[in-house]
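Everything on this sheet refers to the single structure shown next.
There are 2 protein chains.
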Amino acid sequence: MTASAASLDSIRTEVDLALREFLDRQRPHFSDPHLAVLLSAAEDFLAGGKRLRPAFCYWGWRAAGGGDEPGLRFAAASLELLQASALIHDDVMDASDVRRGMPSAHRRFERIHAEAGWLGSARQFGEGSAVLLGNLLLVWSGEMWRNSGLAPEAIAVAQPMHDYMLTELMCGQYLDLLEQAQGESTFDSALRVALYKSGKYSVEQPLRLGLVLAAQANHAWIDRLCVQYGQQVGIAFQLRDDILGVFGDPAETGKPAGDDLREGKRTVLIARALASATPAQTAVVRDLLGDPELDADGVGRLRAVIEETGALAACEGMIKRYLDDALHALGQAPIEEEARTALAALAVAATSRRT
Amino acid sequence: MTASAASLDSIRTEVDLALREFLDRQRPHFSDPHLAVLLSAAEDFLAGGKRLRPAFCYWGWRAAGGGDEPGLRFAAASLELLQASALIHDDVMDASDVRRGMPSAHRRFERIHAEAGWLGSARQFGEGSAVLLGNLLLVWSGEMWRNSGLAPEAIAVAQPMHDYMLTELMCGQYLDLLEQAQGESTFDSALRVALYKSGKYSVEQPLRLGLVLAAQANHAWIDRLCVQYGQQVGIAFQLRDDILGVFGDPAETGKPAGDDLREGKRTVLIARALASATPAQTAVVRDLLGDPELDADGVGRLRAVIEETGALAACEGMIKRYLDDALHALGQAPIEEEARTALAALAVAATSRRT
Chain A
1 MTASAASLDS IRTEVDLALR EFLDRQRPHF SDPHLAVLLS AAEDFLAGGK
51 RLRPAFCYWG WRAAGGGDEP GLRFAAASLE LLQASALIHD DVMDASDVRR
101 GMPSAHRRFE RIHAEAGWLG SARQFGEGSA VLLGNLLLVW SGEMWRNSGL
151 APEAIAVAQP MHDYMLTELM CGQYLDLLEQ AQGESTFDSA LRVALYKSGK
201 YSVEQPLRLG LVLAAQANHA WIDRLCVQYG QQVGIAFQLR DDILGVFGDP
251 AETGKPAGDD LREGKRTVLI ARALASATPA QTAVVRDLLG DPELDADGVG
301 RLRAVIEETG ALAACEGMIK RYLDDALHAL GQAPIEEEAR TALAALAVAA
351 TSRRT
Chain B
1 MTASAASLDS IRTEVDLALR EFLDRQRPHF SDPHLAVLLS AAEDFLAGGK
51 RLRPAFCYWG WRAAGGGDEP GLRFAAASLE LLQASALIHD DVMDASDVRR
101 GMPSAHRRFE RIHAEAGWLG SARQFGEGSA VLLGNLLLVW SGEMWRNSGL
151 APEAIAVAQP MHDYMLTELM CGQYLDLLEQ AQGESTFDSA LRVALYKSGK
201 YSVEQPLRLG LVLAAQANHA WIDRLCVQYG QQVGIAFQLR DDILGVFGDP
251 AETGKPAGDD LREGKRTVLI ARALASATPA QTAVVRDLLG DPELDADGVG
301 RLRAVIEETG ALAACEGMIK RYLDDALHAL GQAPIEEEAR TALAALAVAA
351 TSRRT
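Residue numbers (UniProt numbering), protein chains in the order written: chain A, 1 to 355; chain B, 1 to 355.
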């Protein structure tokens, strides 16, 4: 097993156990068979996922001297509920059919409606149910976080950051919607969305929560590590996501090939391609990007533009530079050595992943 | 001013001030003009609303001996953020165009998209933005509740009830979606949805939170009052809502005439009508209920069936009985006299309202 895999796998089991325990505590509220489908949908959805955010939180905790504390696994695992909520709502907003190799939540409920031959629009029922399922996971995430069992003093210091993370997440998602709608994304604006939409919330904030929970204070070095390591790994993570959304293998990503192209995502990758595209290449992007009917040939033509303009190589170069800078900052931080090794491995795992 | 109006108005100003203070604390995060529209949409939406849930919470607090405590107004006002979130998501799920006499949140964002001539579907942008705005209000509701400034011991006792209220709210909304989709609502199943969807969350839980925050314990008499007064006022409140959704005056409700009929809502009122309808009357309901194009003539024909089957009178009778029982239970409870008077007036206001 590689070091990257170990840094994730070591906490995967812990997180899974904590999620199962939390969901089991909710189960008595879902004994009505009509409601049981909500709980099963949550469980099936949560079975997937890389547990990346819990891992950053866990290793942040360890980095600041946190020891073997059962409460931490609940606090960390709560971030996986938040991520599940965000993905379920995201798929409604993007009208995505597939997630983690399965039908997206709204499609799952749409199918239940269609198979039962119920009244009204199956699409509307699917979307409404998925909005509610996402809400349930959102409120559960807060409940699980608060009830972790960690010391009240630790939670009190971290809570304002947790609150702000949620506001920032919703704002970042809105900026992303806006960026796709305005369609005028420059390289800079796309990079800003990458940071706000995912970078901060996927890496910086989980890491910060772990650090602050253990330190019970927000030291200057914590801020420095969160910005210099956290934000840079976060952006690189999102850039990798952008690349996988165009070039990823469906068997590994669990999403159709070129899905981001069909959805018209205005990513850093696309902005970089347009910045050095010939008029003919620009026309290809203008004509094909965001076409919901885009076929394999269209995906191939857009991929060619992204490669030929040098955008793919440029993004790979950016990922490498952000990663190098992050690892350098990590080397300077006054943290526990075992956590330093694990956070280095996590940074590599998050930015070189294929799924 | 009537006693009912006074019991609401006396806390309306307090709640408005608390909401303004909370939103002002969020303002620095919304200095980016792209994000400022989210905050204005929240402010405009919150300007409406009857502050009914905060009122039940406030008078619950006073009933259990709570004094003049600034923190309570924040805890109570947080329920208005929750209600705003639920309505915004509800309107997306029901595809409702109008709320509180203004375009619903998703229509507001849809219009921004259309007027700017942005890319992609204006409908999808509107719905996505409204989902995120609802999420923002949902997380803010929790944040405002926790940061009320009330004694940590009081919050600790009430928190599990607050958590459960949120789970129950999402489940109730899902049961409502299901009820409309299955379309087989019996009188009993419609009554159950009325209790779960709105009854508990509109009256019982806000009241319970106020009582428990003041008592810092969950006494048997609190439970009794919450069930015997809270649930009964809650169901009567929802029955009034059902009647207003069919017979309400658009100038007062802020929603188009017969809106619930067009949306095909399977309410207690409809279930009661179907239970004693002739085959011809049943055919009218089957043909017209849920027709999105339903015109004034169709609304009139459905209203006639509801009146002629005796369903309207039956529902009015139920409201009266629930109210009488609730007031009787209120009379037995060991609570402060001023709060008893106010809760009696509130029960009347909630069940005889015209908006």
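Glycine included, C-beta positions come from ideal geometry on N, C-alpha and C. Bear in mind the structure is a predicted one, so any value in this text is a computation, not a measurement.
(message) Just to confirm, is the Cβ distance from E204(A) to Q228(A) under 7 Å?
(response) For this step, residue 204(A) is matched to residue 204 along the first sequence. For this step, residue 228(A) is matched to residue 228 along the first sequence. Going by C-beta atoms, E204(A) is not nearer than 7 Å to Q228(A).
(request) Run through the segment 303 to 343 of chain A for me and flag every whole alpha helix (DSSP H) of 4 or more residues, listed as ranges in chain order. (result) The qualifying runs are 311 to 332.
(message) Can you pull the chain A neighbours of E143(B), defined as C-beta to C-beta under 7 Å?
(response) Mapped onto the second sequence, residue 143(B) falls at position 143. Neighbours of E143(B) on chain A, chain order: D163.
(message) So, for P70(B): in the same chain, excluding its five sequence neighbours on each side, which residues have a beta-carbon less than 8 Å away from its beta-carbon?
(response) Residue numbering aside, residue 70(B) sits at position 70 when the second sequence is read from its first letter. These residues qualify, in order along the chain: G149.
(request) Please check the pair G210(B) and W61(B), which I expect to be a contact at CB under 8 Å, by giving their CB distance rounded to whole angstroms. (result) Here residue 210(B) corresponds to residue number 210 of the second sequence, with the count starting at 1. Here residue 61(B) corresponds to residue number 61 of the second sequence, with the count starting at 1. Here G210(B) really is in contact with W61(B); their C-beta atoms are around 4 Å apart, less than 8 Å.
(message) Check this for me: beta carbons of G264(B) and Q238(B), under 7 Å apart or not?
(response) On the second sequence, position 264 is the one that residue 264(B) refers to. On the second sequence, position 238 is the one that residue 238(B) refers to. Not a contact, by the Cβ cut-off of 7 Å.
(request) Using 10 angstroms around the beta-carbon of R240(B), count the other beta-carbons present and answer buried if the total reaches 16, otherwise exposed. (result) Within the second sequence, numbered from 1, the residue matching residue 240(B) stands at position 240. Buried, by the Cβ-count rule.
(request) Out of D295(B), E307(B), V284(B), point me to the one whose CA is closest to L269(B)'s CA. (result) As a working mapping, residue 269(B) is identified with position 269 in the second sequence. The residue with the shortest Cα to Cα distance from L269(B) is E307(B).
(request) With 7 Å as the C-beta to C-beta threshold (strictly closer), list the residues of the segment 98 to 121 of chain B near chain A in chain order. (result) Those residues of the segment 98 to 121 of chain B placed with their C-beta closer than 7 Å to a C-beta in chain A are H113, W118, L119, G120, ordered along the chain.
(message) Counting only C-beta atoms, is A181(B) closer than 7 Å to chain A at any point?
(response) Stepping through the second sequence from its first residue, residue 181(B) is reached at position 181. Output row for A181(B): interface = yes.
(message) Can you pull the chain B neighbours of V139(A), defined as C-beta to C-beta under 8 Å?
(response) Sequence index remark: in the first sequence, residue 139(A) carries index 139 (1-based). Here the neighbours are L138, G142, D163, L166, T167, M170.
(request) Quick one: using the 10 Å Cβ neighbour count with 16 as the cut-off for buried, is A283(A) buried or exposed? (result) For the purposes of this step, residue 283(A) is taken as the residue at position 283 of the first sequence. Exposed.
(message) Taking 8 Å as the cut-off, does the segment 50 to 58 of chain B touch the segment 122 to 140 of chain B (at least 3 CB pairs, one atom from each stretch)?
(response) no
(request) Take A326(B) and list the residues in its own chain whose beta-carbon comes closer than 6 Å to its own, dropping the five residues that flank it on each side. (result) Translated into the one-based positions of the second sequence, residue 326(B) becomes position 326. Here the set comprises Y229, Q232, V233, A347.
(request) Leaving out five residues on either side along the sequence, give the residues of the same chain with a beta carbon under 7 Å from the beta carbon of T186(B). (result) Counting from 1 along the second sequence, the entry for residue 186(B) is found at position 186. The answer, listed in chain order, is A271.
(message) Given this structure, state the Cα-to-Cα distance separating Y196(A) from G48(B), to the nearest angstrom.
(response) The count along the first sequence starts at 1 and reaches residue 196(A) at position 196. The count along the second sequence starts at 1 and reaches residue 48(B) at position 48. Roughly 31 Å between the two C-alpha positions.
(message) Quick test of the definition: if touching needs 3 or more C-beta pairs under 8 Å, does the segment 156 to 176 of chain B touch the segment 114 to 123 of chain A?
(response) no
(request) Flag V233(A) as yes if its beta-carbon sits less than 7 Å from any beta-carbon of chain B, otherwise no. (result) Here residue 233(A) is taken as the residue at index 233 of the first sequence, counted from 1. So no, V233(A) is outside the interface.
(request) Tell me whether P103(A) sits in a helix, a strand or coil according to DSSP, three-state version. (result) Numbered from 1 along the first sequence, position 103 holds the residue referred to as residue 103(A). It is a strand residue.
(message) Given the structure, does H29(B) come close to the ligand PLP, in the sense that its CB is under 6 Å from one of the ligand's heavy atoms?
(response) Questions concerning the ligand PLP fall outside what the structure shown contains, since it holds no ligand whatsoever.
(message) Just to make sure I have the definition right: I need the residues of chain B whose C-beta is within less than 8 Å of the C-beta of G290(A). Which are they?
(response) Here residue 290(A) corresponds to residue number 290 of the first sequence, with the count starting at 1. Here the neighbours are L119, G120.
(request) Could you tell me whether the Cβ atoms of Q281(A) and V305(A) are closer together than 7 Å? (result) The residue given as residue 281(A) occupies position 281 in the first sequence. The residue given as residue 305(A) occupies position 305 in the first sequence. The answer is yes: Cβ separation under 7 Å.
(request) Apply the 10 Å Cβ neighbour rule to R53(B) and answer buried if 16 or more other Cβ atoms are within range, or exposed otherwise. (result) Position 53 of the second sequence, counted from the start, is the residue given in the question as residue 53(B). Buried is the call here.
(request) Using a Cβ-Cβ cut-off of 7 Å, state whether residue 366(A) counts as contacting chain B. (result) Residue 366(A) is absent from the structure shown; chain A starts at 1 and stops at 355.
(message) If you measure between the beta carbons of L330(B) and L343(B), is that distance less than 7 Å?
(response) Mapped onto the second sequence, residue 330(B) falls at position 330. Mapped onto the second sequence, residue 343(B) falls at position 343. In contact: L330(B) and L343(B) (Cβ atoms closer than 7 Å).
(message) Let me check one thing: in DSSP terms, what residues is V139(A) bridge-paired to?
(response) For the purposes of this step, residue 139(A) is taken as residue 139 along the first sequence, with counting starting at 1. BP columns for V139(A) are empty, so no partner.
(request) Go ahead and label P206(A) buried or exposed: buried means 16 or more other beta carbons lie within 10 angstroms of its beta carbon, across all protein chains shown. (result) Here the question's residue 206(A) lines up with position 206 in the first sequence. So P206(A) ends up on the buried side.
(message) I need the straight-line Cα distance from P103(B) to D97(B), nearest angstrom please.
(response) Locating residue 103(B) in the second sequence gives position 103, counting from the first residue. Locating residue 97(B) in the second sequence gives position 97, counting from the first residue. Each residue's alpha carbon lies about 6 Å from the other.
(request) May I have the straight-line CA-CA distance separating V85(A) from P279(B), to the nearest angstrom? (result) Numbered from 1 along the first sequence, position 85 holds the residue referred to as residue 85(A). Numbered from 1 along the second sequence, position 279 holds the residue referred to as residue 279(B). Note on identity: in this sequence residue 85(A) is Ser, with Val being the wrong assignment. If you take the alpha carbons of S85(A) and P279(B), they lie about 46 Å apart.
(message) Using beta carbons (cut-off 7 Å, strictly below), is G128(A) in contact with chain B?
(response) As a first step, residue 128(A) is located in the first sequence; it is residue number 128 there, counting from the start. Cβ-Cβ to chain B under 7 Å: yes for G128(A).
(message) If the cut-off is 7 Å on Cβ atoms, which residues from the segment 260 to 272 of chain B count as contacting chain A, listed in chain order?
(response) Within the segment 260 to 272 of chain B, the qualifying residues are G264.
(message) Give me the chain A residues within the contact set of residue 358(B), using Cβ-Cβ distance strictly less than 9 Å, ordered along the chain.
(response) Lying outside 1 to 355, the shown extent of chain B, residue 358(B) is not represented and no answer is given.
(message) For a quick check, are the C-beta atoms of A64(B) and A214(B) less than 7 Å apart?
(response) In the second sequence, the residue the question calls residue 64(B) occupies position 64. In the second sequence, the residue the question calls residue 214(B) occupies position 214. Yes.
(message) Within 10 Å of its beta-carbon, does S141(A) have 16 or more other beta-carbons around it, so buried, or fewer, so exposed?
(response) Here residue 141(A) refers to the residue found at position 141 when the first sequence is read from its first residue. So S141(A) counts as buried.
(request) Please confirm whether V157(A) and L175(A) have their CB atoms less than 7 Å apart. (result) By 1-based counting over the first sequence, the position of residue 157(A) is 157. By 1-based counting over the first sequence, the position of residue 175(A) is 175. It is not a contact, given that the beta carbons lie outside the stated cut-off.
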